[in-house]
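In terms of this note's numbering, the sequence shown opens at residue 578 and continues consecutively.
A virtual CB, placed ideally from N, CA and C, is assigned to each residue, including glycine.
For reference, the structure is listed below as structure tokens.
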Amino acid sequence: GLADKRGGEGDIGQIEGFPGHPANVARMEGVAEVFAEYPGINILATDTGRWDEATGQQVMSNFLSAYPNMDGYWTQDGMAIGVLQAVMAANPAKWPQGVGEARCQYLKLWQEALTLNPEFDTIAVANHPGVSPTGLRIAVNMLQGKEVNTSKLGGANGLSFVLPVAAVITSENLDEGLAMCEGKPDAYLLDDILTDEEVVSEYFQ
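Set out below in structure tokens:
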């Protein structure tokens with residue numbers, strides 16, 4: 578993750594979604610837990626991008642002006658596109674490291690960013706829509722009376738089905754991610770849906 582790429586230290590800006598929204602609260606709590614493990618990480622500022630690309634871009638532009646030596650940034654979902662656009666537009670002498678989303682538009686933007694700064698490094702993770710049909714398959718199996726393997730449950734309350742992340746794109750497999758985007762619209766998120774056999778094998782006894 579970002580903390581590891583920074584060697585466990587650095588000045589970081591955070592751009593969150595809607596404050597108070599349950600999904601944003603859970604994500605920010607998770608990020609805080611991770612950063613707490615790295616005493617060398619200093620949070621410069623936290624602002625809201627409202628899960629909006631343009632707002633995220635403006636917030637990042639403000640961060641770059643206020644903190645020209647910032648080492649990195651953490652953001653969520655489609656805001657990452659606007660955030661990276663802000664970095665590219667500013668083209669600072671020192672580019673901050675950040676995180677992104679495994680959306681085709683972001684991966685193409687990443688490729689473009691490398692023409693400005695060949696040393697730019699990031700990571701893109703998919704919050705993929707395939708969780709919905711996979712969740713439906715889990716529900717159907719439960720309704721059919723199959724017994725849940727409770728050792729597979731997790732989350733904040735220990736009662737959630739934790740699904741595998743569909744795609745994690747790094748510098749090492751960016752070309753592979755871009756190939757998966759061929760013929761897909763920019764808004765496409767790299768996706769995965771578990772088969773019924775995979776659902777039964779992974780989550781039921």
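Beta strand (DSSP E) containing residue 618: first to last residue?
-> 617-625
Is it true that the stretch 687-694 meets the stretch 728-745, where meeting means three or more beta-carbon pairs spaced less than 8 Å apart?
-> no
Check whether the Cβ of residue 705 lies closer than 9 Å to any Cβ atom in chain B.
-> Protein chains in the displayed structure number just one, and chain B is not present.
Apply the 10 Å Cβ neighbour rule to residue 593 and answer buried if 16 or more other Cβ atoms are within range, or exposed otherwise.
-> buried
Which whole runs of the alpha helix (DSSP H) in the stretch 688-763 are 4 residues long or more, in chain order?
-> 708-720, 751-757
Over the uninterrupted beta strand (DSSP E) stretch that includes residue 587, give me the two end residues.
-> 586-593
Rounded distance between the beta-carbons of residue 680 and residue 766, thought under 8 Å | 5 Å
For the candidate residues 775, 700, 759, whose alpha-carbon lies nearest to that of residue 658?
-> 700
Please name the residue or residues paired with residue 782 in a DSSP beta bridge.
-> Beta-bridge pairing links residue 782 to no other residue.
Near residue 769, what residues of its chain come up, given a Cβ to Cβ distance below 7 Å and the 5 sequence neighbours on each side ignored?
-> 705, 707, 743
Under 9 Å, do residue 641 and residue 588 count as touching if we go by C-beta distance?
-> no
Counterpart residues of residue 644 in DSSP-defined beta bridges | According to DSSP, residue 644 bridges with nothing at all.
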